[in-house]
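Visitor: Protein chains in written order, with our numbering: chain V, 58 to 308; chain G, 112 to 418.
Ideal Cβ placement from N, Cα and C applies to all residues, glycine included.
Pasting a structure below so you can have a look.
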Amino acid sequence: MIGFRTLFYKELLRFYKVLLQTILAPVVTALLYLVVFSGTFKGRPDILPGVGYVAFLVPGLMMMSMIQNAFANSSSSLIQSKIAGNLIFILLSPLSTFEFFLAFVGAAIVRALLVALGIYVVAIVFVTVPIRHPLYLLLFGIFGSGALGALGIIAGIWSERFDQLAGFQNFVVMPLSFLSGVFYSLRSLPPVWQTLSKLNPLLYMIDGFRYGFFGISDVSPLLSLAIVIAFCAAISATALAMVARGYRLRN
Amino acid sequence: MPVPAIEIEGLQKHFGSVHVLHGIDLEVASGEFFGLLGPNGAGKSTLINILAGLTRASAGHARICGHDVVSDYRHSRKTLGVVPQEVVFDPFFSVREILRIQAGYFGLKGPENERWREELLAALMLEDKADVNMRALSGGMKRRVLIAQALVHRPQVVILDEPTAGVDVELRASLWTFIRRLHTEGHTIVLTTHYLEEAEALCGRIAILKQGRIAALDSKQALLRRAVHKTLTVTTAEPMGTVPEALRDKVRRVTGHCVELSLHKGVDSIPGILETLRVAGYTIVDLTTEEADLEEVFLELTQGRTG
Ligand SMILES: Nc1ncnc2c1ncn2[C@@H]1O[C@H](COP(=O)(O)OP(=O)(O)OP(=O)(O)O)[C@@H](O)[C@H]1O
Ligand SMILES: [Mg+2]
Chain V
58 MIGFRTLFYK ELLRFYKVLL QTILAPVVTA LLYLVVFSGT FKGRPDILPG VGYVAFLVPG
118 LMMMSMIQNA FANSSSSLIQ SKIAGNLIFI LLSPLSTFEF FLAFVGAAIV RALLVALGIY
178 VVAIVFVTVP IRHPLYLLLF GIFGSGALGA LGIIAGIWSE RFDQLAGFQN FVVMPLSFLS
238 GVFYSLRSLP PVWQTLSKLN PLLYMIDGFR YGFFGISDVS PLLSLAIVIA FCAAISATAL
298 AMVARGYRLR N
Chain G
112 MPVPAIEIEG LQKHFGSVHV LHGIDLEVAS GEFFGLLGPN GAGKSTLINI LAGLTRASAG
172 HARICGHDVV SDYRHSRKTL GVVPQEVVFD PFFSVREILR IQAGYFGLKG PENERWREEL
232 LAALMLEDKA DVNMRALSGG MKRRVLIAQA LVHRPQVVIL DEPTAGVDVE LRASLWTFIR
292 RLHTEGHTIV LTTHYLEEAE ALCGRIAILK QGRIAALDSK QALLRRAVHK TLTVTTAEPM
352 GTVPEALRDK VRRVTGHCVE LSLHKGVDSI PGILETLRVA GYTIVDLTTE EADLEEVFLE
412 LTQGRTG
């Protein structure tokens with residue numbers, strides 16, 4: 058227990074010591090999106106009934122930032138310490154596979170939640186975003202960023218160089234997070250794209266998260282939650298198996 | 112009979128098609144000061160990494176104090192402290208933070224553990240650097256932190272992979288005093304070094320690894336006795352000109368009035384050699400003999416060196 062707490066605390070410190078880059082920067086980025094897109098699409102008809110476009114954007118941007126930051130946190134921590142070599146201090150310790158996993162995912166979730174909170178706090182100065190179902194918000198927030206934190210562990214372990222990790226980020230995480238209905242509703246897409254979008258697990262994170270705010274969504278929130286939890290479980294199982302086997306960690 | 116500190120059975124390691132360890136069998140008893148020597152690339156660090164769980168063996172088993180390093184890794188790692196060969200560090204933290212975090216990984220906290228960490232800082236002369244960020248330390252100081260990190264959990268078995276590479280003379284001396292103290296207090300010590308005088312001075316038993324195989328495993332005294340050569344230095348009244356034909360293949364060095372010869376124990380006789388020199392017209396003024404040191408035994412065993 059002390060072992061897990063120490064690693065978790067160390068991972069928190071790691072991003073806390075560079076708060077500007079790990080929390081503030083993503084908040085500013087999300088707000089820039091908000092400003093640009095709300096300016097561009099001003100006067101457009103509401104996407105969800107009774108929800109203005111700017112308000113509609115806020116949850117999606119929050120979840121997108123959570124997704125990207127949760128992934129970035131665990132993956133960059135792992136690859137940095139792998140390349141610097143200081144990962145051995147963790148590998149030499151008696152920490153269990155589960156403690157290792159939980160500490161990295163836990164820190165990723167905390168960072169993601171802080172970024173989301175930051176975006177929300179600034180956004181509500183300009184636009185009203187109600188919170189209808191806080192429990193859903195929390196569940197989608199935790200399982201969504203947990204899944205991406207676990208995916209970050211997989212990518213961090215698999216990558217042997219920084220450019221491999223950047224590839225993973227640019228060709229997997231970024232496209233999936235952008236094409237997950239942050240800027241539009243599923244209903245506004247042509248049927249083919251609707252079907253394709255439904256294969257993207259990140260879509261359910263954003264749709265369900267949005268439900269938590271407005272109480273309206275494209276997909277039933279319980280179905281979305283089930284899909285997100287199943288996705289999180291599958292990614293976690295893969296990450297745990299990799300850590301347990303020592304894949305690319307203990308060659 | 113207490114449980115051996117280290118038990119290694121049939122250990123093999125392949126890196127792809129490269130065969131690095133060819134079936135190592137080795138046992139280190141509890142409380143030993145053990146030397147693991149061998150030329151670059153012999154497989155010393157690979158062997159240590161397997162014991163530490165940093166590398167998985169391709170075949171065979173290893174146990175630390177009876178705990179299998181794979182199936183019972185939590186116990187084996189708690190009883191083992193490893194100082195890695197490469198200097199690595201976490202640039203986010205200060206020395207004191209690093210040690211506290213490392214102890215935390217082992218589930219340790221509280222004032223008693225903190226006192227031990229302060230003791231480590233003092234013994235390794237790191238007190239005035241304790242709150243300095245790791246990035247700001249010199250190479251030798253980073254290595255001291257590595258040693259402290261390996262000891263935060265007071266491991267029963269301590270393995271040091273070239274701990275004195277790049278460490279200044281003063282610290283080297285105080286480091287050995289400290290390691291000797293740990294040994295006296297009952298810790299098992301395994302040391303890897305290329306400074307053979309260190310191994311000769313400290314270790315009770317020594318294994319010499321050569322291309323992934325144990326080339327020799329014996330007590331230090333027995334290893335030294337194995338040396339087949341000793342050195343004979345003869346000083347003559349006349350300056351050394353041409354060395355007599357019969358002695359040419361034994362000559363190591365000729366300087367002024369001195370000739371240094373390498374003798375094969377049990378084959379060459381000193382009186383015979385002196386007689387040869389006398390016949391050649393030299394007057395013998397002085398002579399000294401020198402037994403082989405560990406370095407010579409090492410070279411003979413690892414290179415099959417002769418004369
Ligand atoms: N990760 C790896 N991948 C491939 N080959 C490796 C790897 N690690 C070590 N080797 C090879 O294994 C052999 C043994 O290396 P090892 O580091 O164990 O030697 P060593 O005895 O510690 O040498 P040194 O005295 O230089 O530290 C070397 O030939 C090395 O090239
Ligand atoms: Mg080595």
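Counting Cβ pairs closer than 8 Å, one from the stretch 262-276 of chain G and one from the stretch 193-208 of chain G, do we hit at least three?
Guide: They touch, by the three-pair rule.
Visitor: Using the three-state DSSP reduction, which class does Arg101(V) fall into: helix, strand or coil?
Guide: Arg101(V) falls in the coil class under three-state DSSP.
Visitor: How about Arg255(G) and Leu282(G): do their beta carbons lie closer than 8 Å?
Guide: In contact: Arg255(G) and Leu282(G) (Cβ atoms closer than 8 Å).
Visitor: Give the straight-line distance between the Cα atoms of Arg101(V) and Leu280(V), rounded to the nearest whole angstrom.
Guide: For Arg101(V) and Leu280(V), the distance between alpha carbons rounds to 30 Å.
Visitor: Chain G partners of Pro151(V), CB-CB under 8 Å?
Guide: Residues of chain G passing the Cβ test: Tyr184, Arg185, His186, Arg188, Lys189, Tyr216, Phe217 and Gly218.
Visitor: Go ahead and pull the three-state DSSP assignment for Lys124(G).
Guide: Strand at Lys124(G).
Visitor: Using the Cα positions of Phe61(V) and Ala160(V), report the straight-line distance between them to the nearest angstrom.
Guide: So the alpha carbons of these two residues sit roughly 6 Å apart.
Visitor: Should Ser156(G) be counted as a contact of ligand 2 given a C-beta to heavy atom distance under 7 Å?
Guide: True, at least one ligand heavy atom lies under 7 Å from that Cβ.
Visitor: Give the interface partners of Ala82(V) over in chain G, defined as CB-CB distance under 7 Å, in chain order.
Guide: Within 7 Å Cβ-Cβ: nothing; Ala82(V) doesn't reach chain G, min ~18 Å.
Visitor: For Ser245(V) and Val111(V), I'd like the C-alpha separation in whole angstroms.
Guide: Roughly 16 Å separates the two Cα atoms.
Visitor: Report yes if the C-beta of Asn257(V) is less than 7 Å from at least one heavy atom of ligand 1; otherwise report no.
Guide: Outside the cutoff, so no.
Visitor: What's the gap between the Cα of Val285(V) and the Cα of Ser150(V)?
Guide: In a straight line, the C-alpha of Val285(V) is about 33 Å away from that of Ser150(V).
Visitor: What residues are listed by DSSP as bridge partners for Asn151(G)?
Guide: DSSP lists no partner for Asn151(G).
Visitor: Tell me whether Asp239(G) counts as near ligand 2, meaning its Cβ is closer than 7 Å to at least one heavy atom of that ligand.
Guide: It does not: the Cβ of Asp239(G) is nowhere closer than 7 Å to a heavy atom of ligand 2.
Visitor: When the Cα atoms are used, what is the spatial distance from Gly272(V) to Val75(V)?
Guide: Distance between the alpha carbons of Gly272(V) and Val75(V): 36 Å.
Visitor: Give the interface partners of Glu197(G) over in chain V, defined as CB-CB distance under 8 Å, in chain order.
Guide: Going along chain V in sequence order, the residues near Glu197(G) (Cβ under 8 Å) are Gly142.
Visitor: Check whether the Cβ of Gly163(V) lies closer than 8 Å to any Cβ atom in chain G.
Guide: No, no contact with chain G.
Visitor: Short of 8 Å Cβ to Cβ, which residues in the stretch 141-165 of chain G face chain V?
Guide: For the stretch 141-165 of chain G, which is checked against every Cβ of chain V, the residues closer than 8 Å are Ala163, Gly164 and Leu165.
Visitor: Beta carbon of Gly315(G): closer than 7 Å to some heavy atom of ligand 1?
Guide: The answer is no for Gly315(G).
Visitor: According to DSSP, which residues form a beta bridge with Asn244(G)?
Guide: Beta-bridge pairing links Asn244(G) to Ser205(G).
Visitor: With DSSP as the reference, label Glu143(G) as helix, strand or coil.
Guide: The answer is coil: DSSP assigns Glu143(G) none of H, G, I, E or B.
Visitor: Can you list, in chain order, the residues of its chain whose CB lies under 7 Å from that of Ala168(G), leaving out five sequence neighbours each side?
Guide: If we look at Ala168(G) and ignore the five residues flanking it on each side, its Cβ neighbours are Leu122, Gln123, Lys124 and Ile161.
Visitor: Given Val184(V), which residues of its chain have a CB within under 6 Å of its CB, disregarding the five upstream and five downstream residues?
Guide: Answer for Val184(V): Val111 and Ala112, listed in chain order.
Visitor: Mind listing the chain V neighbours of Gln260(G)? Cutoff is C-beta to C-beta under 8 Å, in chain order.
Guide: By Cβ distance, chain V contributes Phe146.
Visitor: Is it the case that the CB of Gln196(G) approaches a heavy atom of ligand 1 more closely than 7 Å?
Guide: For ligand 1, at least one heavy atom lies less than 7 Å from the Cβ of Gln196(G).
Visitor: Check whether the Cβ of Phe126(G) lies closer than 7 Å to any heavy atom of ligand 1, and answer yes or no.
Guide: Indeed, a heavy atom of ligand 1 lies less than 7 Å from the Cβ.
Visitor: Helix, strand or coil for Leu236(V), going by three-state DSSP, please let me know.
Guide: Note: Leu236(V) maps to coil in three-state DSSP.
Visitor: Classify Pro115(G) as buried or exposed, calling it buried when 16 or more other Cβ atoms lie within 10 Å of its own Cβ.
Guide: With 16 or more other Cβ atoms within 10 Å, it is buried.
Visitor: Roughly how many whole angstroms lie between the Cα atoms of Arg226(G) and Arg246(G)?
Guide: Cα to Cα, the separation comes out at about 25 Å.
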